[in-house]
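Below is one structure, written out as structure tokens; comments come after it.
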Amino acid sequence: MQIALCRLIKGLHCFPPFRVLSFLAAWLTGGILLAAIAVIPKPLSVELRDGTFPLRATTRIYVQGDAKDVAETAKYLAETLAPATGYRLSIESLREIPSPRQGIILSVKNAPNDLGKEGYILDVAPDRIEIRARYAPGLFYAVQTLRQLLPPEIASRQPVARTEWPVRCARIKDVPRFPWRGFMLDSARRFQTKEWIFGLIDQLAAYKINVLHWHLTDNEGWRLWIPKYPELVKPFQKGVVWEEEGYYSHEDVRQIVAYAESRHITVVPEIDMPGHSHCVVVNYPKLSPIDDPGRREPGLRLHKYRCAEINIGIPESQAFYRDVLKVVMELFPSQVIHLGGDEAKTNNWLENPACRAKMKELGYSDPAMLQKWWMERMAQWVHRQGRTSMAWGERMQLALPPKGQIVHGWRGESKPAILAGCQTVNSFHKNTYLDYGNAKGDGMLGVLSLPKVYAFDPVPADVTPEQARLVLGSTAPLWTTKQPQEKLSIRIFPRLLAFSEVVWTAPDQRNFTEFAARARRHLKRLDAAGISYWKAKEL
Ligand code: ACM
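Residues 1177 to 1715 in the numbering used here are what the sequence shown spells out, letter by letter.
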């Protein structure tokens, strides 16, 4: 019914005389039909039913099946409901689904195949809630949806005085559109504490994001401890405005990776090379293509480094990055390892004899080709370790990316990538960069309004269904150049809500007006959780 109404709204939008009617219909779906259900990202199908399920202190959680991760999801459910309700819900194991009794049942049995790895069915009846999925991620996302069916105060970290927590009866079937639903955190430009990152992970999980792309190295900071190269994390650039100390120990990384994993989020590490490497060339000058130390110093303005590229003409640079990546692979179980590859100033290499010799050896006249050669070698090495490499989609015009590498499009490279048969994650900056201003002048570079995020389709126009399958999804990057930790929340919210729907919900089910009605109600959840957000004029 809801879907039919939304289709009607979309159709009506094509005819200007019906715009008012269309707005009213959207308002109706937002205001009345969805009054009891404001799930974000919007599920595949929702059938509202009469009545409510009363969550009480005596409600039990039943686990059907012996799988360890089913029990873990049940534990997560109990834990996530505890702070606001004060309940300590008990968990019991079941062989068979019992005759009706007051409880929440989690089961991986008899779930239809079309739910895939991450889909779920959530059935809320007055006497029981039944969750079915084929695998643990599906159960976990059903739990996130269930949380959103409870009153907004459920997001509070303090106990809320209520004797009963009603859940509106409904049957929800849900499957995501894309397998890659990412958020990128830049911890290099500015440092964030481990505790802050735990909180971020909880919010990402709430909106069914499943990849945390972690940008760990850049000109302004190298944040990962590499025992063989202790100088990398040394604070430097004294007196430069963006200087900030801090790095992550191996124990910190393990905790963050485990915390994310328990919320079905894969942490994809990024080590940016061969540009954006000021920390390397300043602390290990032998790896710089430029001898003059003054030319390696930062200028006072962002990106004004005279040379932040490493010397890609010498074997020592490859050995350095292999050492670094060995540590990275020990710490991060992620199949995908991000090798950066963006914005290298290739002209610096022309000044270096080793780089010039390498160009001659390879028959290149353009130093940009040297970068292609370097990225190819690093990718092949990563692939030999059994992992998959990913890199920003630079210089698609020069040559194909290394075989098997995932192209991370940001300036429109995703379409050429898929036309060349490569898998891609599409982070087209004009629709996904969360560091851009919410409104004019309040962020980096451009402006990214809520409707502009919502309007994004990661699948470029005019591609075949087969080519479209090469689009794994999208990541919303948050570059932190001018953004200390305490300012990040208003960059993320409410735009993350719109983005989550871009990567989860099919385009023909999306309508901004109707989304805005649901998002407005989510602001209450953010308030209850004490999370600050941008007061978008559209909400
Ligand atoms: C980028 O924004 N430099 C990938």
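We put the beta carbon where it would ideally sit given N, CA and C, even for glycine.
Residue i classed as buried or exposed, judged by whether at least 16 other C-beta atoms fall within 10 angstroms
i: Asn1523; result: exposed
i: Ser1266; result: exposed
i: Arg1560; result: exposed
i: Gln1324; result: buried
i: Pro1529; result: exposed
i: Ser1676; result: buried
i: Pro1352; result: buried
i: Ala1202; result: Reliability of the predicted coordinates at Ala1202 is poor, the pLDDT of 44 falling under 50, and the value obtained from them is presented with this limitation in mind. That one is buried.
i: Ser1453; result: buried
i: Thr1321; result: buried
i: Leu1538; result: exposed
i: Thr1681; result: buried
i: Gly1569; result: buried
i: Gln1659; result: buried
i: Ser1510; result: buried
i: Leu1315; result: buried
i: Pro1217; result: buried
Per DSSP, the bridge partner or partners of residue i
i: Val1222; result: Ile1348
i: Tyr1424; result: Leu1400
i: Leu1388; result: Phe1359, Val1443
i: Gly1314; result: Note: Gly1314 sits in no beta bridge, so no partner.
i: Ala1652; result: Phe1359
i: Ala1567; result: Val1583
i: Leu1282; result: Val1239, Ile1307
i: Pro1230; result: Pro1342
i: Met1449; result: Gly1516
i: Asn1602; result: Gly1585
i: Asp1394; result: Gly1397
i: Val1647; result: Thr1600
Simplified DSSP assignment, three categories, for residue i
i: Pro1406; result: helix
i: Gly1613; result: strand
i: Ser1493; result: helix
i: Val1417; result: Since pLDDT at Val1417 reaches only 42, below the 50 mark, its modelled position is unreliable, and the value read off the structure follows with that caveat. Val1417 falls in the coil class under three-state DSSP.
i: Phe1688; result: helix
i: Gly1516; result: strand
i: Ser1198; result: Reliability fails at Ser1198, whose pLDDT of 43 lies under 50, so the model's placement of it is uncertain and no value is given.
i: Gly1206; result: Its pLDDT being 40, under 50, Gly1206 is placed unreliably in this model, and the coordinates cannot settle the point.
i: Thr1339; result: coil
i: Leu1624; result: coil
i: Ile1216; result: coil
i: Phe1508; result: coil
i: Leu1298; result: strand
i: Glu1714; result: coil
i: Ile1373; result: helix
i: Val1246; result: helix
i: Leu1270; result: strand
i: Val1679; result: helix
i: Asn1487; result: coil
i: Val1639; result: coil
i: Asn1528; result: coil
i: Gln1721; result: Here the chain comprises residues numbered 1177 to 1715, so residue 1721 is not present and cannot be evaluated.
i: Leu1265; result: coil
i: Arg1365; result: coil
beta-carbon residue i near the ligand MN non-hydrogen atom, thresh 8 angstroms
i: His1389; result: Ligands in the displayed structure: the ligand ACM; the ligand MN is not one of them.
Sub-9 angstroms separation of residue i and residue j beta-carbons
i: Thr1235; j: Gln1278; result: yes
i: Asp1428; j: Thr1393; result: no
i: Pro1641; j: Val1679; result: no
i: Arg1571; j: Gln1547; result: yes
i: Val1336; j: Phe1359; result: no
i: Tyr1630; j: Arg1686; result: yes
i: Asn1614; j: Ile1666; result: yes
i: Val1647; j: Ile1594; result: yes
i: Cys1512; j: Ser1565; result: For clarity, residue 1512 is Val in the given sequence; the question names Cys instead. Yes, they are a contact pair.
i: Val1611; j: Asp1362; result: In the sequence as presented, Val is not what sits at residue 1611; that position holds Asp. Yes.
i: Tyr1709; j: Pro1670; result: yes
i: Arg1697; j: Ala1214; result: yes
i: Val1239; j: Leu1291; result: no
i: Trp1390; j: Tyr1423; result: no
Any C-beta of chain D under 9 angstroms from that of residue i
i: Val1679; result: This model lacks chain D altogether; it includes just one protein chain.
Would you check if there are 3 or more beta carbon pairs closer than 8 angstroms linking the stretch 1290-1304 to the stretch 1256-1270?
-> no
Inter-stretch contact at 8 angstroms, needing at least 3 Cβ pairs: the stretch 1363-1371 / the stretch 1394-1414 | yes
Could you tell me whether the stretch 1433-1445 touches the stretch 1401-1412, using the rule of 3 or more Cβ pairs below 8 angstroms?
-> no
Would you say the stretch 1280-1298 touches the stretch 1306-1318, given that touching needs at least three Cβ pairs under 8 angstroms?
-> yes
Taking contact to mean at least 3 C-beta pairs separated by less than 8 angstroms, is the stretch 1336-1347 in contact with the stretch 1217-1224?
-> yes
Contact between the stretch 1600-1611 and the stretch 1643-1651 (3+ Cβ pairs under 8 angstroms) | yes
Is the stretch 1569-1587 touching the stretch 1611-1624 in the sense that three or more CB pairs, one from each, lie closer than 8 angstroms?
-> no
contact_flag[the stretch 1370-1381, the stretch 1439-1454] where n(CB pairs < 8 angstroms) is 3 or more = yes
Examine the Cβ distances between the stretch 1483-1491 and the stretch 1453-1469 and report whether three or more of them are shorter than 8 angstroms.
-> yes
The stretch 1549-1558 / the stretch 1508-1517 touching (three or more Cβ pairs under 8 angstroms) = yes
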